[in-house]
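Asks:
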Amino acid sequence: MDVNIKFLGGARSVTGSKYLLDIGDFRLLVDCGLFQGLKELRRRNWQDIGVEVNTIDAVILTHAHIDHSGYLPRLCKQGYQNPVYCTESTAALLELLLPDAAQLQEEEARYAAKKGYSKHNPPLPLYTTEDAQAVFPLIQSQPFDEWISIHERVKIRYRYAGHILGAAMVEMLIQGDHQQKKLVFSGDLGRYHDPVMHPPVHIEHADVLLVESTYGNRQVEKEEVTERLAALVNRVVRREGVVLIPAFSVGRTQTLLFLLTRLMDEGKIPRLFIYVDSPMAISATYLYKKYQDYHKLKDEDLSDGHDVFNHPQIRYYRTQQASMSLNELRHPAIIISASGMCTGGRILHHLYHRLPRYEDMVLLVGYQAEGTRGRDLLEGKEMIKIFGEHVPVHAEVAMLAGLSAHADREELLQWLSGFKAVPKYTFIIHGETPAATAMKEQIENRFEWRHVFVPNFMESFRLFDGI
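Following this note's numbering from start to finish, the sequence shown increments by one per residue and tops out at 494.
1. Given a threshold of 16 other Cβ atoms within 10 Å of its Cβ, counted over all protein chains shown, does MET291 qualify as buried or as exposed?
2. Using the beta-carbon count (16 or more within 10 Å), is TYR112 buried or exposed?
3. Using the C-alpha atoms, what's the distance from PRO383 back to LEU405?
4. Can you name the start and end residues of the beta strand (DSSP E) that ARG19 belongs to?
5. What residue from SER366, ILE374 and VAL78 has the CA that sits closest to LEU353's CA?
6. Pull up the distance between the alpha-carbon of VAL238 and that of ILE456, whole angstroms please.
7. Write down the C-beta distance between MET199 and ILE183 rounded to the nearest angstrom, noting that I regard them as a contact closer than 8 Å.
8. Determine which residues share a DSSP beta bridge with THR114 and list them.
9. Please classify HIS229: does DSSP put it in a helix, a strand, or coil?
10. For MET28, which three-state DSSP category applies?
11. Residues in its own chain within less than 8 Å of TRP476 by CB, not counting five upstream and five downstream?
12. At which residue ranges does the region 355-421 contain complete beta strand (DSSP E) runs of 3 or more residues, listed in the order of the chain?
13. Can you name, in chain order, every residue of its own chain whose Cβ lies under 7 Å from the Cβ of GLN130, other than the five neighbours on each side?
14. Would you report the Cα separation of PHE488 and ASN31, rounded to the nearest angstrom?
15. What ranges does the alpha helix (DSSP H) occupy inside the region 187-270, keeping only unbroken runs of at least 4 residues that lie completely in it?
16. Quick one: complete beta strand (DSSP E) runs, 3+ long, within the region 267-297?
17. Give every residue of the same chain whose Cβ lies closer than 7 Å to the Cβ of GLN206, excluding the five residues on either side of it in the sequence, and list them in chain order.
18. So LYS33 and LEU47 are supposed to be a Cβ contact under 8 Å. How far apart are they, rounded?
19. For LEU216, which option in ALA308, LYS45, VAL263 and ILE230 has the closest C-alpha, if you only look at C-alpha atoms?
20. With 16 other CB atoms within 10 Å as the buried threshold, where does ASN72 fall?
21. Thinking just about the alpha-carbon of each residue, which of PHE446, SER213 and HIS225 is nearest to the one in ILE87?
22. Can the beta-carbon of ALA425 be found closer than 9 Å to that of MET388?
23. Provide the residue(s) that pair with LEU48 in DSSP beta bridges, ordered along the chain.
24. Between ASP84 and the rest of its own chain, which residues show a CB-CB distance below 7 Å, the 5 nearest in sequence each way excluded?
25. Could you tell me the alpha carbon to alpha carbon distance between ALA258 and LEU271, rounded to whole angstroms?
26. Starting from SER310, follow the alpha helix (DSSP H) in both directions and report where the run begins and ends.
27. From the DSSP output, which residues share a beta bridge with LYS182?
28. So, helix, strand or coil for TYR321, using DSSP?
29. Leaving aside the five residues before and after ASN515 along the sequence, list all residues of the same chain whose C-beta is less than 8 Å from its C-beta, in chain order.
30. Ignore the nearest five residues each way along the sequence and tell me which others in ARG255's own chain have a CB closer than 8 Å to its CB.
31. Return the chain-ordered ranges of every beta strand (DSSP E) run that is complete within the region 78-103 and spans a minimum of 3 residues.
32. Would you give the residue range spanned by the beta strand (DSSP E) that LEU490 belongs to?
33. Taking 7 Å as the limit between beta carbons, can you name the residues of its chain near SER116, skipping five residues before and five after?
34. Given a cut-off of 9 Å, decide if GLY60 and LYS45 are closer than it, judged by their beta-carbon atoms.
35. Per DSSP, which residues does MET426 bridge with? Please list them.
36. Can you give me the C-alpha to C-alpha distance between ASN261 and ILE301, rounded to a whole angstrom?
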């Protein structure tokens with residue numbers, strides 16, 4: 028029995044993660060992500076996936092972020108009807124994230140039609156809310172740390188990865204005619220000292236390893252995150268401005284609420300209102316109560332009277348009308364809104380109104396992929412295109428790198444040091460080319476591993492012959 032892999036996404040890119048495995052006559056897809064950022068990447072979402080959809084027997088998800096799960100509705104629209112495996116808390120998050128992604132697609136199409144800035148007539152969404160709903164009957168959620176059989180020759184086990192609620196590494200055992208082989212997919216690895224999530228577990232053996240490299244060329248400064256966050260907020264308060272924080276609805280938003288309310292209670296920043304303007308973030312926040320085993324927040328942090336997510340200074344805004352009212356804010360406050368890389372959603376309206384204001388601040392708190400507005404802001408662009416208009420950037424732009432949910436270079440190497448034997452093949456994935464190639468060099472130099480590859484988009488490899 029032969030085993031082959033093809034990189035349909037997440038290769039020299041941090042988006043569109045899709046890894047196609049042919050295991051004899053069994054075909055599966057690990058992750059099913061949406062491409063984001065550069066236009067040349069986003070165009071891939073509209074192209075053929077690179078394989079006949081009706082030949083895929085299973086999809087395995089590492090976690091719920093849209094760059095790992097957001098192509099699922101499109102896959103179902105094209106006829107996919109087989110199982111989708113994920114952890115229990117990932118399944119709960121998918122019920123929030125996928126309809127939200129579809130709604131954003133629909134809203135953007137309607138807005139483009141209204142404003143006439145699309146080259147397509149009429150503008151169409153990549154998929155609809157109905158397409159997103161078609162995914163849910165296919166989901167088969169699984170606990171961590173238990174082997175499950177998905178085929179007579181294939182077993183998988185989810186291991187805790189940190190990063191966000193439900194995020195997992197995937198261990199995969201393949202039983203051949205003569206021997207057994209093990210593949211490991213890292214998914215997105217969390218940090219070792221995250222304020223909310225536990226650190227990723229270590230795995231000791233893999234015949235083939237796929238490891239992410241988002242920060243493969245970067246070591247995040249060992250700054251005291253809470254102290255720097257307090258300094259930035261206080262700086263904006265002194266000039267009577269508003270802090271606007273683009274943040275992913277799952278993970279980053281909850282960490283920010285935890286840190287900001289603690290800073291207020293300790294008197295390190297004024298008692299400002301924190302406006303969470305993301306219906307999905309509001310719903311996701313309550314899942315932290317349901318899945319308390321998967322994070323560091325204790326019962327007392329989430330109990331009535333002490334619930335950090337129900338702090339008296341937090342205001343949750345669900346409706347579009349409530350969101351629009353924040354445009355009139357002219358006193359110190361904090362607005363948290365999605366998306367974290369400023370690619371779509373309500374954050375665009377806030378940026379449209381806040382970027383021209385000298386007293387305000389846009390505080391970036393996570394990785395900003397190439398081709399996103401977040402990357403443009405980080406690189407100091409003086410004009411940002413929003414809704415077909417060029418908006419001047421007068422607001423201060425700051426970066427709080429210590430809040431990233433991704434392991435940095437040293438943490439990735441720390442996780443890799445847990446392997447007791449050298450994998451036959453190691454593939455560096457989910458990183459832009461400079462980060463992925465830097466990680467390859469680090470692995471070769473520090474561990475003396477050989478057969479380390481940075482695959483290209485749509486490149487194929489034969490992993491095993493006749494196992």
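Quick reminder that beta carbons are idealized off the backbone N, C-alpha and C, glycines included.
Replies: According to the structure shown:
1. Taking the first residue of the sequence shown as 1, we reach residue 291 at position 264. It counts as buried.
2. Position 85 of the sequence shown, counted from the first residue, corresponds to residue 112. Buried is the call here.
3. One-based indexing of the sequence shown puts residue 405 at position 378. One-based indexing of the sequence shown puts residue 383 at position 356. Those two C-alpha atoms are separated by around 16 Å.
4. The shown model of the chain, from 28 to 494, leaves out residue 19, and the question about it has no answer.
5. On the sequence shown, position 326 is the one that residue 353 refers to. Of SER366, ILE374 and VAL78, the residue nearest in Cα terms is ILE374.
6. As a first step, residue 238 is located in the sequence shown; it is residue number 211 there, counting from the start. As a first step, residue 456 is located in the sequence shown; it is residue number 429 there, counting from the start. Going from the Cα of VAL238 to the Cα of ILE456 covers about 6 Å.
7. Here residue 199 refers to the residue found at position 172 when the sequence shown is read from its first residue. Here residue 183 refers to the residue found at position 156 when the sequence shown is read from its first residue. Confirmed, about 5 Å.
8. Looking up residue 114 in the sequence shown gives position 87. Answer is GLN169, bridged to THR114.
9. The residue given as residue 229 occupies position 202 in the sequence shown. Coil at HIS229, not helix or strand.
10. Stepping through the sequence shown from its first residue, residue 28 is reached at position 1. Looking at MET28 - three-state DSSP - the assignment turns out to be coil, as it is neither helix nor strand.
11. Position 449 of the sequence shown, counted from the start, is the residue given in the question as residue 476. Cβ neighbours of TRP476 beyond the five flanking positions: VAL449, PRO450, THR453 and ILE470.
12. With a minimum length of 3 residues, the continuous beta strand (DSSP E) runs that stay inside the region 355-421 are 360-364, 388-391, 410-413 and 416-419.
13. Along the sequence shown, one-based indexing puts residue 130 at 103. The residues THR156, in chain order, have a CB closer than 7 Å to that of GLN130 in the same chain once the five nearest residues on each side in sequence are set aside.
14. Residue mapping note: residue 488 aligns to position 461 of the sequence shown, counting from 1. Residue mapping note: residue 31 aligns to position 4 of the sequence shown, counting from 1. In a straight line, the C-alpha of PHE488 is about 6 Å away from that of ASN31.
15. Along the length of the region 187-270, whole alpha helix (DSSP H) runs at least 4 residues long occupy 252-265, reported in chain order.
16. Listed in chain order, the complete beta strand (DSSP E) runs (minimum 3 residues) inside the region 267-297 are 269-273.
17. On the sequence shown, residue 206 is found 179 positions in, with the first residue counted as 1. A distance below 7 Å between beta-carbons, with the five flanking residues on each side excluded, links GLN206 to the following residues of its chain, in chain order: ILE494.
18. Within the sequence shown, numbered from 1, the residue matching residue 33 stands at position 6. Within the sequence shown, numbered from 1, the residue matching residue 47 stands at position 20. Taking the Cβ atoms as the reference, LYS33 lies roughly 4 Å from LEU47, within the contact range of under 8 Å.
19. What you label residue 216 is simply residue 189 of the sequence shown in a count that begins at 1. Answer by Cα proximity: ILE230.
20. Residue mapping note: residue 72 aligns to position 45 of the sequence shown, counting from 1. ASN72 should be labelled buried.
21. Locating residue 87 in the sequence shown gives position 60, where the first residue counts as 1. Residue nearest to ILE87 within the set PHE446, SER213 and HIS225 is SER213 (criterion: CA-CA distance).
22. For the purposes of this step, residue 425 is identified with residue 398 of the sequence shown, where counting begins at 1. For the purposes of this step, residue 388 is identified with residue 361 of the sequence shown, where counting begins at 1. Judged by beta-carbon spacing, MET388 lies within the 9 Å limit of ALA425, meaning their Cβ atoms are closer than that value.
23. Indexing the sequence shown from 1 puts residue 48 at position 21. The partner list for LEU48 (beta bridge, DSSP) reads ILE32 and LEU55.
24. If you number the sequence shown from 1, residue 84 lands on position 57. Around ASP84: PHE53, ARG54, LEU55 and ASN109.
25. Locating residue 258 in the sequence shown gives position 231, counting from the first residue. Locating residue 271 in the sequence shown gives position 244, counting from the first residue. The C-alpha of ALA258 lies about 15 Å from the C-alpha of LEU271.
26. By 1-based counting over the sequence shown, the position of residue 310 is 283. For SER310, the enclosing alpha helix (DSSP H) covers residues 306-317.
27. To locate residue 182, count along the sequence shown from 1; it is residue 155. The secondary-structure analysis by DSSP pairs LYS182 across a beta bridge with SER176 and LEU200.
28. Start at 1 with the first residue of the sequence shown, and residue 321 comes out as number 294. Three-state result, TYR321: helix.
29. Because the chain in this structure spans residues 28 to 494, residue 515 falls outside the shown range and cannot be described.
30. Numbered from 1 along the sequence shown, position 228 holds the residue referred to as residue 255. Around ARG255: LEU427 and GLY429.
31. Every beta strand (DSSP E) of 3 residues or more that sits fully in the region 78-103 is shown, in chain order, as 85-87.
32. For the purposes of this step, residue 490 is identified with residue 463 of the sequence shown, where counting begins at 1. Run containing LEU490: 487-491, per the beta strand (DSSP E) assignment.
33. Numbered from its first residue, the sequence shown carries residue 116 at position 89. Cβ within range, chain order: LEU192, GLY193, LEU314, TYR318 and TYR321.
34. On the sequence shown, residue 45 is found 18 positions in, with the first residue counted as 1. On the sequence shown, residue 60 is found 33 positions in, with the first residue counted as 1. With a cutoff of 9 Å on beta-carbon distance, LYS45 and GLY60 are scored as near each other.
35. Along the sequence shown, read from residue 1 onward, the residue named residue 426 stands at position 399. Beta-bridge pairing links MET426 to LEU391.
36. As a position in the sequence shown, residue 261 is number 234, starting the count at 1. As a position in the sequence shown, residue 301 is number 274, starting the count at 1. Cα to Cα, ASN261 sits roughly 14 Å from ILE301.
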